[in-house]
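K.L.:
Before I ask anything, here is the structure I am working with.
2 protein chains.
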Amino acid sequence: MSTNESNETLDRFYLRRLELSDKSKGFIDLLQQLSAVGSISDEEFEERFHELASRGEEHVICVVEDRISRRIVATGTVFVEKKFLRGCGKAGHIEDVVVDASARGAKLGKKVVDSLVEHARLLGCYKVILDCSMENKGFYKKCGFEEKAVQMAIYF
Amino acid sequence: MSTNESNETLDRFYLRRLELSDKSKGFIDLLQQLSAVGSISDEEFEERFHELASRGEEHVICVVEDRISRRIVATGTVFVEKKFLRGCGKAGHIEDVVVDASARGAKLGKKVVDSLVEHARLLGCYKVILDCSMENKGFYKKCGFEEKAVQMAIYF
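For the record, the sequence lines run as chains A and B.
If you read the first sequence in the numbering used here, its first letter stands for residue 1, the second for the next number, and so on.
If you read the second sequence in the numbering used here, its first letter stands for residue 1001, the second for the next number, and so on.
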């Protein structure tokens, strides 16, 4: 394998599933860049981790670890919703995609999203959807998404 | 109880959870008005019904039955997504809301959506979200929703 720049990037940034030890590698700090997380104890983290892991392939959290800093620098989630529509079909939902401010420009966001889309496809989903801000539309178009609808929300 | 028109409407249209027998009451025909459903055998319906029911309060399908025609005339789904964000918070997702063309004007859509929102609130979700077409934005605003983001999709 040659050691050109793209391969160094590939080697430095390692895409894998979330592990329990990632809390100590900055996973929560990374999520804070997306939205408020607040304080989560190790016990709370572990409980939620196992709840989500119990769904197996139907709820997958990807992370990118920087092998130099040993920090988690990107993440994204995909989960499967089972429906009656489309012959008892399945829809993939992508959530909580974020790249660390220090790691932007290395195409890690695309790497994460591509892997989540591929996961949904391999599980037999008939579609994969996500909600994003107007500013991020261009990024998701580069990942193969098309604008489809409007997201509406109530915050309690 | 008086027998004025609004109470008659209340009595005629009965909101409840989906039951296995609703396949024979037009539940699939109703979903066809929203999107392609295709052919689903009784066995496939039963299997998917039980898969979803096994999630208990975290995946609820509401239906409205017309007590006169004994048909299902409205439906909507809410499911809970568990996150690390917001202190290991929960987000409610509303999906697959549809009212039968023959039953429009009786505010059944609002009745369904209000019940799904209330369910998400009672389960402790910090937000409830849904995706809709531009044409349906006004309806969801009347249900208390605000426009928040753009939905992007890939259809496989």
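Don't be surprised by glycine CBs; every beta carbon is placed ideally from N, CA and C.
#1: Between residue 1 of chain A and chain B, is the shortest Cβ-Cβ distance under 9 Å, so that the two count as touching?
#2: What are the residues that DSSP puts in a beta bridge with residue 14 of chain A?
#3: Let me make sure I understand the geometry here. Which of A:12, A:118 and A:64 has the alpha-carbon closest to that of residue 1154 of chain B?
#4: Just the C-alpha distance for residue 1096 of chain B and residue 1040 of chain B, rounded to the nearest angstrom, thanks.
#5: Measure from the alpha carbon of residue 1030 of chain B to the alpha carbon of each residue in B:1062, B:1130 and B:1093, then state which is nearest.
#6: Whole-angstrom Cβ separation of residue 1093 of chain B and residue 1112 of chain B, contact assumed at under 8 Å?
#7: Where does residue 107 of chain A sit, in a helix, a strand or coil, going by DSSP?
#8: Answer with yes or no whether the minimum CB distance from residue 14 of chain A to chain B is below 9 Å.
#9: Quick one: which chain C residues come within Cβ less than 9 Å of residue 1058 of chain B?
#10: Residues of chain A with CB under 9 Å from residue 1022 of chain B, in chain order?
#11: Looking only at C-alpha atoms, which of B:1024, B:1084 and B:1054 sits nearest to residue 18 of chain A?
#12: Would you give the residue range spanned by the alpha helix (DSSP H) that residue 140 of chain A belongs to?
#13: Can you tell which of B:1156, B:1123 and B:1129 has the C-alpha that lies nearest to the C-alpha of residue 149 of chain A?
#14: Using a Cβ-Cβ cutoff of less than 6 Å, which residues in the same chain neighbour residue 1120 of chain B once the five nearest sequence positions on both sides are dropped?
#15: Is the separation between the beta-carbon of residue 60 of chain A and that of residue 15 of chain A shorter than 9 Å?
#16: Quick check: residue 125 of chain A and residue 1044 of chain B, are their CB atoms within less than 9 Å of each other?
#17: DSSP puts residue 74 of chain A in a beta bridge; with which residues?
#18: In chain B, what lies closer than 7 Å to residue 72 of chain A by C-beta?
#19: Would DSSP call residue 151 of chain A helix, strand or coil?
P.N.:
This is what the structure gives:
#1: Its pLDDT being 39, under 50, residue 1 of chain A is placed unreliably by the model, and nothing is read from it.
#2: In the DSSP output, where bridge partners are listed per residue, residue 14 of chain A has A:65.
#3: For the residues A:12, A:118 and A:64, the minimum Cα distance to residue 1154 of chain B belongs to A:118.
#4: The straight-line gap from Cα to Cα measures roughly 17 Å.
#5: Residue B:1062 is the option with its Cα nearest to residue 1030 of chain B.
#6: Not confirmed; about 15 Å, so no contact.
#7: Reduced to three states, the DSSP call for residue 107 of chain A is coil.
#8: No, residue 14 of chain A does not count as interfacial toward chain B.
#9: In the structure shown, chain C does not exist; the protein chains are A and B.
#10: None at all; the shortest Cβ gap to chain A is about 10 Å.
#11: Closest by C-alpha distance to residue 18 of chain A, out of B:1024, B:1084 and B:1054, is B:1084.
#12: 137-142 is the extent of the alpha helix (DSSP H) around residue 140 of chain A.
#13: When only C-alpha atoms are compared, the closest one is B:1129.
#14: Same-chain partners within the cutoff: 1078, 1092 and 1128.
#15: Going by C-beta atoms, residue 60 of chain A is not nearer than 9 Å to residue 15 of chain A.
#16: Going by C-beta atoms, residue 125 of chain A is not nearer than 9 Å to residue 1044 of chain B.
#17: Beta-bridge partners assigned by DSSP to residue 74 of chain A: A:64 and A:99.
#18: When 7 Å is used as the limit between beta carbons, residue 72 of chain A is near no residue of chain B, the shortest such separation being about 12 Å.
#19: Per DSSP, reduced to three states, the secondary structure at residue 151 of chain A is strand.
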